[in-house]
Each structure stands twice: as C-alpha cells, then as structure tokens.
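Peer 1:
Protein chains: 2
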Amino acid sequence: MINKELNPMEKIPSEQKLSNQLGVSRNTIREAIRTLEQEGVLYCKHGVGTFVIGSKDSLKTNITTLESSTNIIKSQDYFPGTQNVDTKVMKAPSNVKSKLSLEEHSNVFYIERVRTADTQPVVYVEDYIPYIDEMENEYREKYYESLTEFLGKFEMEFSFSICSIKAVISDEKVMKKLELKEKSALLLLQQTHYSDKGIPVLYSDSYYLSDKFEFNVIRRKG
Amino acid sequence: MINKELNPMEKIPSEQKLSNQLGVSRNTIREAIRTLEQEGVLYCKHGVGTFVIGSKDSLKTNITTLESSTNIIKSQDYFPGTQNVDTKVMKAPSNVKSKLSLEEHSNVFYIERVRTADTQPVVYVEDYIPYIDEMENEYREKYYESLTEFLGKFEMEFSFSICSIKAVISDEKVMKKLELKEKSALLLLQQTHYSDKGIPVLYSDSYYLSDKFEFNVIRRKG
DNA sequence: TCATATTTGTACGTATGTATA
DNA sequence: GTATACATACGTACAAATATG
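Chains F and H are the protein sequences, given in the same order.
Just so it is clear: in the first sequence, position 30 is 29 by numbering that gives the first Met the number 0, and no numbers are missing.
Just so it is clear: in the second sequence, position 216 is 215 by numbering that gives the first Met the number 0, and no numbers are missing.
1. Among the candidates F:C43, F:R25 and F:L17, whose CA atom is the shortest distance from the CA of H:G197?
2. For the segment 120-140 of chain F, which residues have a CB atom closer than 9 Å to at least one CB atom of chain H, in sequence order?
3. Compile a chain-ordered list of the residues in the segment 50-74 of chain F whose CB is closer than 7 Å to at least one CB of chain H.
4. With a cut-off of 8 Å on the beta carbons, I'd call F:V124 and F:M155 a contact; round off their distance for me.
5. Please state the DSSP three-state secondary structure of H:N61.
6. Please classify F:G53: is it buried, with 16 or more other beta-carbons within 10 angstroms of its beta-carbon, or exposed?
7. From F:Q189, F:S205 and F:S163, pick the residue whose C-alpha is nearest to that of H:E213; which is it?
8. Of the residues that make up the segment 180-191 of chain F, which ones have a beta carbon closer than 8 Å to any beta carbon in chain H?
9. So for F:V167, helix, strand or coil by DSSP?
10. Between F:K152 and chain H, is any beta-carbon pair separated by less than 9 Å?
11. Could you please tell me which residues of the segment 4-33 of chain H, in chain order, have their CB closer than 8 Å to any CB of chain F?
12. For F:A116, return the contacting residues in chain H, with the cut-off set at a CB-CB distance below 7 Å.
13. Quick one: what's got a C-beta closer than 7 Å to H:Y77's C-beta in the same chain, skipping five residues either side?
14. Once you ignore the five residues that flank H:L5 on each side, which residues in its own chain have a CB closer than 6 Å to its CB?
15. DSSP three-state label for F:V40, please.
16. So is F:S13 buried or exposed if we call it buried at 16+ other beta carbons inside 10 Å?
17. Could you check what DSSP says for H:Q75 in three-state terms: helix, strand or coil?
18. For H:S158, go through chain F and note every residue whose CB falls closer than 9 Å to its CB, in chain order.
19. Of all the CB atoms in chain H, is at least one closer than 9 Å to the CB of F:E213?
20. Return the residue from the list F:A91, F:G22, F:R112 and F:P92 that minimises the CA-CA distance to F:V173.
21. So who's on the other strand from F:R114, going by DSSP bridges?
22. May I have the straight-line CA-CA distance separating H:I217 from F:L150, to the nearest angstrom?
23. H:D204 bridges to which residues according to DSSP?
24. Starting from H:V216 and walking both ways along the beta strand (DSSP E), at which residues does that stretch end?
25. So H:G151 is in the alpha helix (DSSP H); what residue range does that whole segment cover?
26. Report the option in H:K10, H:S194 and H:P120 whose CA atom is closest to the CA atom of H:L65.
27. Output the distance between the C-alpha atoms of F:H104 and H:S183, rounded to the nearest integer angstrom.
28. For F:K165, go through chain H and note every residue whose CB falls closer than 9 Å to its CB, in chain order.
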C-alpha cells in the first residue's frame with residue numbers, strides 16, 4: 000500500500016490526508032495508526048502529528064512481544080539448538096504454587112533446558128507446568144517441536160505473560176549449565192504465562208547471557 | 000463509573016453490555032478497552048471476551064511507562080534522594096554521538112548522579128545532553144527539581160525513549176558510586192530520549208541495583 | 001495577544017466480517 | 001446451525017492541543 004520509504008523520526012501525513020490518499024475512512028486510518036503505535040512503530044502527538052519511531056534494529060528484540068527462545072535466538076542471527084533437557088514431576092515449590100494459583104500439594108511438570116546459539120549455550124530455562132495425568136509419558140514418548148506445541152496437547156496454550164525483569168550473577172548451577180568459566184551477569188525473566196481465558200498455564204525462569212542478548216522496549220511518558 | 004471491584008483474570012461484560020449499562024456507544028467502550036489493553040490492564044480475545052490481567056502489584060514498575068527515577072523509587076515505597084552530582088561539558092563520546100545523531104566534534108552536557116532510596120544508593124545515572132550555549136551556567140545557577148524541568152528551559156522535553164535492557168556486573172567505578180562492598184548484578188537501561196517531534200534530546204545509562212528494583216512488562220504473543 | 005488553521009482525540013451511529021462457544 | 005463477542009469499516013461531528021500568522 001505504502002510505496003514510500005519511511006525514515007526514523009519522519010512525520011507522516013495527517014490522518015485526513017492519508018484517508019483521502021488511500022481512499023479509506025479516517026477511522027480506519029486511525030485504527031491502523033493505533034495498532035502501529037501499540038507495536039512501537041509510530042508515535043502520535045495531539046495537535047502536532049504522527050511520527051515514525053521504530054527502525055528495524057532499534058527494536059530487534061522487543062520485549063513486549065512474547066516470542067519463543069528459538070525465535071529470539073533466530074532474530075539475533077544465530078542458529079538455535081537445545082541441550083541438557085531434564086524433566087521430572089515434582090511438588091510445586093511455594094513460589095511457583097503461588098504464581099500458578101495451585102492448591103496445596105499440587106504437582107508440577109518441571110522441564111529444564113539449555114538453549115544454544117550456534118552450539119554455544121546462551122539461555123537456561125526452568126519451566127513449571129501444572130501437572131496433568133500422563134503429561135510425563137506424553138512428553139517422553141512423542142517428539143515436540145516446541146513447548147507451545149506440547150502445551151497445546153493439553154489445551155494449555157498461552158497467549159501472554161506477566162514478566163518480571165531482573166539482573167543476577169550466575170550461581171554455580173547456572174554457570175555449569177551455561178558452561179561459564181567465570182561469574183557473569185545474566186538477565187533473568189520470571190514469567191507467568193496465561194491462556195487466553197486468563198488461566199495460568201506455565202511459570203518459567205529464563206536466564207539470558209546478557210552479552211549475547213539485548214532486549215528493547217519503547218517507553219512512553221506516563 | 001465502575002463500582003464493581005475487578006479481580007485479576009476476571010472476564011468483564013461484553014462491549015455491547017457495557018455500552019448499554021453505561022449509556023455510551025460501543026465505539027467509545029472499545030476505545031477505552033483498547034487504551035486499557037495498551038496499558039496492560041485488559042486482554043481481549045476475538046470471539047471469547049475481555050479479561051482483567053493487571054493487578055496493581057503485578058505491574059508495580061511497568062517498564063513501558065517512562066518514569067523519572069524519582070517516581071520509580073517512590074513507587075517502590077522508598078524516599079527518593081540525590082547525591083554525588085557531577086557535571087561537565089565534554090566532547091561527545093562516539094557511541095553517544097551516534098545515538099544523539101550529533102555532528103563530528105559536538106559537545107554534550109554530561110551529568111552523573113546517584114539516586115538514593117531512604118538514603119541508600121540504588122541507581123547510578125549518566126546523562127548526555129546535546130550542548131546548548133549557557134547550559135552549564137544555567138544548571139549551576141538555578142535549582143532544578145528534575146532533569147525534565149531543566150530540559151524544558153531549552154525546549155528539549157522528551158516524551159519517549161528507545162530503551163535497551165541489559166544485565167551487567169558492577170565495575171570499580173559503579174561499585175564506588177553505589178557504595179557496593181562486592182560485585183553485584185545491575186540492570187542497565189541504555190536509553191535514547193526523544194522529543195515529541197522525534198528529536199533526540201538525551202542519552203542515558205542507568206544502573207539499577209537489581210535486588211532493590213524489579214521492572215515488569217506484559218508480553219503478548221506475536 | 002489573539003484569531004485561525006491544522007492535527008489528533010473523543011464520541012455518536014450503523015453495518016458487516018470473523019472467531020469462538 | 002445459531003448465538004455471542006470481538007474486529008473492521010463506513011460516515012459524521014465536535015473538542016482539545018498545537019502551530020502559524
């Protein structure tokens with residue numbers, strides 16, 4: 000639709016002009032603009048105009064978009080892999096129990112994995128899933144392309160997460176998992192994932208090697 | 000308007016019902032819902048319904064909202080303060096020059112500060128502002144409540160930032176500034192701030208003590 | 001300082017399409 | 001298949017913020 004190359008921080012034509020040019024209603028233009036604003040591509044200022052703010056590399060890894068580690072690794076031009084997968088059924092730790100709104104004595108299906116970028120370990124993930132009968136067997140017997148696909152089998156697809164962002168120093172366990180020679184700074188994302196009906200279906204702790212990954216976000220004045 | 004207490008993950012009435020109940024058009028309801036969705040308070044699912052996802056403490060410090068360090072400190076129930084302010088006019092470092100789209104040999108006004116929470120150092124900030132005549136004198140002669148107020152004097156108010164989130168280990172300099180006894184994990188926010196017309200007006204590196212601060216974000220599936 | 005034009009924000013109404021239950 | 005609910009789209013009017021002269 001739009002043939003013109005848009006440069007970062009450039010002012011785009013007014014809603015009225017775009018409406019005339021493209022032959023659609025101003026309301027439709029507004030909806031489109033609002034969607035792009037939500038994605039961090041545009042910025043609108045009352046009485047002034049609308050501006051392009053998102054260049055591709057300024058939002059290489061937009062933290063507000065919930066992507067699989069696989070896609071995040073790909074987006075940084077690495078080849079994704081997985082190693083050291085370990086699973087078990089366990090009593091839910093109390094913090095997990097709280098995050099997933101589980102009853103006392105509930106079990107969770109625990110999966111830990113190391114994700115690699117070009118064979119180098121870059122992310123260590125611990126997943127906690129409310130346990131459902133036969134989950135462990137299902138996981139062991141079949142091959143799943145992704146955790147999302149596995150959760151789908153149990154009607155536990157997630158569509159958003161509430162995420163807490165922290166910085167931590169690698170402890171012994173994580174150093175071993177990520178094959179670190181010395182203590183390093185890690186970006187820790189603690190996330191509770193919810194289904195589209197608001198049911199918590201997954202809690203995860205993800206440790207990202209911070210010198211390999213950077214996350215981006217557009218922040219707007221309150 | 001809304002008297003009912005809303006619980007997290009609760010389904011709210013349909014747009015049509017809210018429209019009737021509140022006596023406003025469905026379009027208006029939609030706009031309001033969309034704004035709240037943008038803020039991370041609601042989540043809409045086509046053909047299903049709209050759900051409350053944001054409880055107050057799950058988004059205590061929403062990283063998508065650009066707040067002053069002062070307000071972030073306040074929001075975590077601490078009393079904010081400032082110490083060790085140091086300023087100088089300097090040749091723009093090359094990374095800053097690039098971020099602020101400055102010409103070769105441009106000067107910047109550099110401000111470094113330690114922000115405190117209940118007198119304890121918690122954030123170390125380095126600010127780089129494109130230099131304008133008399134900026135240094137203005138800063139020294141008058142008292143400014145905030146950097147925002149100071150920038151306002153030069154018509155350099157910012158309204159959003161593009162932020163890169165990293166985890167780092169405190170180096171000697173930062174350890175001294177934050178009075179750290181041992182190396183700690185710090186959350187580093189590297190931000191280019193823009194005016195509402197898309198002009199870069201401030202670049203800053205902020206080092207947050209990660210055990211005092213946590214940032215939150217709602218992530219949605221792409 | 002004031003009036004006017006421009007631009008985005010909000011609001012109303014209506015209709016049809018698409019996804020889910 | 002039917003009903004419900006959100007998504008998209010058209011049209012219109014006026015308010016509020018900003019820019020311009």
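Ideal Cβ placement from N, Cα and C applies to all residues, glycine included.
Peer 2: Reading from the atomic positions:
1. F:C43
2. none
3. F50, I52, S57, I62, T63, T64, L65 and E66
4. Not quite, the Cβ-Cβ distance comes to about 17 Å (not below 8 Å), so this is no contact.
5. strand
6. buried
7. F:S163
8. K182, S183, A184, L185, L186, L187 and Q190
9. strand
10. no
11. P7, M8, E9, K10 and R33
12. The premise fails here: F:A116 is roughly 17 Å from chain H at the closest Cβ pair, so nothing lies under 7 Å.
13. A116 and D117
14. V51
15. coil
16. exposed
17. coil
18. Y42, K44, R219 and K220
19. yes
20. F:R112
21. F:T81 and F:V122
22. 20 Å
23. H:E125 and H:Q189
24. F214 to K220
25. L146 to K152
26. H:S194
27. 36 Å
28. A166, A184, L186, S209, D210, F212, E213 and F214
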